[in-house]
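The sequence shown begins at 0 in numbering that gives the first Met the number 0 and counts up one residue at a time.
Glycine residues also receive a C-beta, built at the ideal position from the N, C-alpha and C atoms.
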Amino acid sequence: MQPTTMATSSPRASALALLLCACLSASSFHVAISGPPAPGGGKDDFLSCLTKAVPPRLLFAKSSPAYGSVWSSTVRNIKFLSDKTVKPLYIVTPTEPCHIQATVSCGRRHGMRLRVRSGGHDYEGLSYRSDKAEPFAVVDLSKMRKVRIDGKQATAWVDSGAQLGEIYYAVAKETPKLGFPAGVCATIGVGGHFSGGGFGMMLRKYGTAADLVVDAKVVDAEGRLLDRKAMGEDLFWAIRGGGGASFGIVVSWQVKLVPVPPTVTVFQIHRGVKDGAVDLVAKWQQVAPSLPEDLMIRILAMGQDALFEALFLGTCKDLLPLMNARFPELGMKQADCNEMSWIQSVPFIPLGKSATVKDLLNRTSNIRAFGKYKSDYVRDPIPRGVWEKIFGWLAKPGAGVMIMDPYGGRISAIDDDATPFPHRQGMLFNIQYVNYWFGEGAGAQPNQWSRDMYAFMEPYVTKNPRQAYVNYRDMDLGVNQVVGDVSTYESGKVWGEKYFKGNFERLARTKAKVDPTDFFRNEQSIPPLLK
Numbered sequence: 000m001q002p003t004t005m006a007t008s009s010p011r012a013s014a015l016a017l018l019l020c021a022c023l024s025a026s027s028f029h030v031a032i033s034g035p036p037a038p039g040g041g042k043d044d045f046l047s048c049l050t051k052a053v054p055p056r057l058l059f060a061k062s063s064p065a066y067g068s069v070w071s072s073t074v075r076n077i078k079f080l081s082d083k084t085v086k087p088l089y090i091v092t093p094t095e096p097c098h099i100q101a102t103v104s105c106g107r108r109h110g111m112r113l114r115v116r117s118g119g120h121d122y123e124g125l126s127y128r129s130d131k132a133e134p135f136a137v138v139d140l141s142k143m144r145k146v147r148i149d150g151k152q153a154t155a156w157v158d159s160g161a162q163l164g165e166i167y168y169a170v171a172k173e174t175p176k177l178g179f180p181a182g183v184c185a186t187i188g189v190g191g192h193f194s195g196g197g198f199g200m201m202l203r204k205y206g207t208a209a210d211l212v213v214d215a216k217v218v219d220a221e222g223r224l225l226d227r228k229a230m231g232e233d234l235f236w237a238i239r240g241g242g243g244a245s246f247g248i249v250v251s252w253q254v255k256l257v258p259v260p261p262t263v264t265v266f267q268i269h270r271g272v273k274d275g276a277v278d279l280v281a282k283w284q285q286v287a288p289s290l291p292e293d294l295m296i297r298i299l300a301m302g303q304d305a306l307f308e309a310l311f312l313g314t315c316k317d318l319l320p321l322m323n324a325r326f327p328e329l330g331m332k333q334a335d336c337n338e339m340s341w342i343q344s345v346p347f348i349p350l351g352k353s354a355t356v357k358d359l360l361n362r363t364s365n366i367r368a369f370g371k372y373k374s375d376y377v378r379d380p381i382p383r384g385v386w387e388k389i390f391g392w393l394a395k396p397g398a399g400v401m402i403m404d405p406y407g408g409r410i411s412a413i414d415d416d417a418t419p420f421p422h423r424q425g426m427l428f429n430i431q432y433v434n435y436w437f438g439e440g441a442g443a444q445p446n447q448w449s450r451d452m453y454a455f456m457e458p459y460v461t462k463n464p465r466q467a468y469v470n471y472r473d474m475d476l477g478v479n480q481v482v483g484d485v486s487t488y489e490s491g492k493v494w495g496e497k498y499f500k501g502n503f504e505r506l507a508r509t510k511a512k513v514d515p516t517d518f519f520r521n522e523q524s525i526p527p528l529l530k
């Protein structure tokens, strides 16, 4: 689930609201590749190898005039637009799977580490930068974004370089009877989103995007192109929520499409602290996860305001009595209803009433900000008195936004180990803490609000481990330590169990089977459990 716009009279808040979708999409890096340097290898050998299989027009060296614009094209967090950022020596923009296979093979042969991005929105920038100085190349999948719909079978093959808006648009163009449950923001890259689970406004009806993946094509550490049958069920399980940075490069995904009704209803109701927002949020946390799965009500809390934003898979006529029976305190009225088709609701929710379906095809944004993001999960209701304190935190200078997505329904009905995404049974809601700021030289400012807020929330969220969502990538949770050119299991376990709980061990064992030398590696990739 990603941020959306929040109506307000404040010009600053309005600008920040636009950023919520423009800048704060899910982690979209798809995989990061690294491997032991080959004896005698080097950057010139890598490039020479690559040009034998990849057209030169698809390669960008640092000396290329277009290098800067290609590298920065999907950098949303501008704190990484810095001279201190460790950038790639080369960018490869493949158009065919064979180009990816050649890049993997050349990278291994000549010791050139690779990082791969699909949409490039990842919070920590690990798809296009390294945290430490090292030579590497980026495989940019933006030219591989085909979406092929099979309306009769209700399936689609989607390239990892596609963005979510392109899926939604293509599905609706084929038939208004089908949709797909994934993130709110249209510019999220498919590769990273699916690899981390991926959820949006239909999570309670259909679960995560990864839950609907039925096949995939992966380039593995040997440079082989594998489908589900060839890769085996362990690897197929791992790529559907295991974070996407460890096992191979997923070129494309086959997903099951889902039925949507002719009419859906959206409402966006603001309630301030003076209007009883504290009591309403305290009530919401118990009501929202137990509502019928056709209704999703999330909250965006900012300053002294709470926006209750909902998608109902049905008409206003059916929604009103449901709300009056289950959540009358919110005071929803018929005037709050916005009826439309499902595809119209997709741009409406993040972009507002003036948005059109064609806006889903816009792959770029001119609005960028500095940012820091963290996440939590809540299993037990938070006391009302604590919510009062939370709104106090939201009123502090430099405060960010809390985005809360209720679970229950389908996402919570699936076993915790069915996919690597483990945050399911008994979970009330997810929290995302979003902190952003503007200004020249602001990149040097501390990201203190998110961290202080995170520390305050510790008693009220999940424990042992304190869970986090991998698509809201957070390097504060820990990073890998590399010993003997292999990431250690012990260092990965520190952050890995927060993202994956008990599934982390299976992920690490799968890693050991498919990539024991830790070729696919980054600061938070799954380490191989070699025991």
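- Pairing Pro-288 with Leu-427 gives a Cβ-Cβ distance under 7 Å.
- A contact between stretches requires three or more CB pairs, one per stretch, nearer than 8 Å, and the stretch 477-488 fails this requirement with the stretch 381-400.
- In the structure shown, Phe-193 falls within a helical segment according to DSSP collapsed to helix, strand and coil.
- Straight through space, the alpha carbons of Ile-298 and Arg-56 are spaced by roughly 46 Å.
- Straight across, the Cα-Cα distance linking Gln-152 with Met-201 is about 21 Å.
- Secondary-structure assignment with DSSP links His-269 through a beta bridge to Leu-306.
- Taking the C-beta atoms as reference points, Leu-211 is found no nearer than 7 Å to Asp-219.
- Across the set Ala-281, Lys-142, Pro-419 and Arg-505, the C-alpha of Pro-419 shows the shortest separation from the C-alpha of Ala-467.
- Non-local beta-carbon contacts of Arg-508 in its own chain, meaning distances under 6 Å to residues more than five positions away in sequence, involve Leu-528 in chain order.
- Under the rule that a run must span 3 or more residues, the beta strand (DSSP E) segments found entirely inside the stretch 211-290 read 212-218, 248-255 and 263-271.
- Taken through DSSP and simplified to helix, strand or coil, Ile-342 comes out as helix.
- In the structure shown, Phe-79 falls within a helical segment according to DSSP collapsed to helix, strand and coil.
- With 16 or more neighbouring CB atoms inside 10 Å of its own CB, Asn-434 falls in the buried class.
- Nearest in C-alpha terms to Glu-522, of all of Glu-328, Gly-495 and Arg-144, is Gly-495.
- The beta carbon of Ala-52 sits closer than 6 Å to the beta carbons of Ala-101 from its chain, once the five residues preceding and following it are set aside; these are given in chain order.
- Looking at the backbone, the Cα of Ala-368 and that of Trp-436 are separated by about 6 Å.
- Between Val-146 and Ile-90 the beta-carbon gap is near 24 Å, outside 8 Å, which marks them as no contact.
- Considering only Val-356, Arg-108, Tyr-127 and Ile-296, the residue with the shortest C-alpha distance to Val-85 is Tyr-127.
- Within the stretch 322-388, the runs of beta strand (DSSP E) that reach at least 3 residues and sit entirely inside it are, in chain order, 337-339 and 369-377.
- Cβ-Cβ distances below 6 Å link Glu-123 to Arg-472 and Met-474 in the same chain, with the five nearest sequence neighbours on each side left out; the list follows chain order.
- Taken atom to atom, the span from the alpha-carbon of Tyr-488 to that of Arg-325 is near 47 Å.
- Taking C-alpha positions only, Phe-503 is separated from Asp-517 by approximately 16 Å.
- Closest in alpha carbon position to Pro-261, among Lys-142, Thr-314 and Arg-409, is Thr-314.
- Distances from the alpha-carbon of Lys-216 to those of Ala-208, Ser-245, Val-249 and Met-301 put Val-249 closest.
- Per DSSP, the unbroken alpha helix (DSSP H) holding Ile-99 starts and ends at 96-109.
- For Val-513, the three-state secondary structure derived from DSSP is helix.
- Rounded to the nearest whole angstrom, the C-alpha separation of Trp-70 and Gly-206 is 33 Å.
- With fewer than 16 other Cβ atoms from the protein chains shown falling within 10 Å of its own Cβ, Asp-82 counts as exposed.
- Residue burial annotation: Ala-161 is buried, with at least 16 other C-beta atoms found within 10 angstroms of its C-beta.
- For Gln-431, the enclosing beta strand (DSSP E) has its first and last residue at 428-436.
- Here Ile-430 is near Asp-375, since their CB atoms are less than 7 Å apart.
- Closest by C-alpha distance to Arg-520, out of Val-493, Phe-499, Asn-479 and Lys-500, is Asn-479.
- Classified as exposed, Ser-47 has fewer than 16 neighbouring CB atoms from the shown chains inside 10 Å of its CB.
- Rounded to whole angstroms, the separation of the alpha carbons of Gly-199 and Glu-221 is 34 Å.
- The closest CA to that of Arg-383, considering only Gln-284, Gly-399 and Cys-336, is found on Gln-284.
- Scanning Lys-228, Gly-408, Phe-311 and Val-254 for the CA closest to the CA of Gln-267 turns up Phe-311.
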